[in-house]
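Let me begin by presenting the structure, written as structure tokens, before commenting on it.
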Amino acid sequence: MSLFDTARVAIRALLRNKTRSGLTTLGIVIGVASVIAMVAIGEGAKVKVARAFDAMGTNMLIVMSGSAVGGGMRGGA
Numbered sequence: 006m007s008l009f010d011t012a013r014v015a016i017r018a019l020l021r022n023k024t025r026s027g028l029t030t031l032g033i034v035i036g037v038a039s040v041i042a043m044v045a046i047g048e049g050a051k052v053k054v055a056r057a058f059d060a061m062g063t064n065m066l067i068v069m070s071g072s073a074v075g076g077g078m079r080g081g082a
């Protein structure tokens, strides 16, 4: 089967199944758009965090723990 015959069979199948072809195309478009949006959001967040660190200056960095667990010595009996 030549390339021309294969293309003709594929186009005929697409035209016979219009609903399936349309839904498949819509799914691909939505998927690609969502990936592009997520990458753009991630890049925007990265730029915002970098600007926040630049605004603080290079001589100050505060690190805080995520939990409120106390440490140190405990008095005993």
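Residue numbers for the sequence shown follow the working numbering, so the first one is 6 and each next one is one higher. Glycine residues also receive a C-beta, built at the ideal position from the N, C-alpha and C atoms.
Cα-Cα separation between residue i and residue j, rounded to whole angstroms
i: Ile-67; j: Lys-53; result: 18 Å
i: Ala-50; j: Ala-57; result: 11 Å
i: Ala-12; j: Met-6; result: 10 Å
i: Ala-42; j: Gly-32; result: 15 Å
Where the alpha helix (DSSP H) containing residue i begins and where it ends
i: Ile-35; result: 23-61
Any C-beta of chain D under 9 Å from that of residue i
i: Gly-47; result: Within the model displayed, chain D is absent; a lone protein chain is all it includes.
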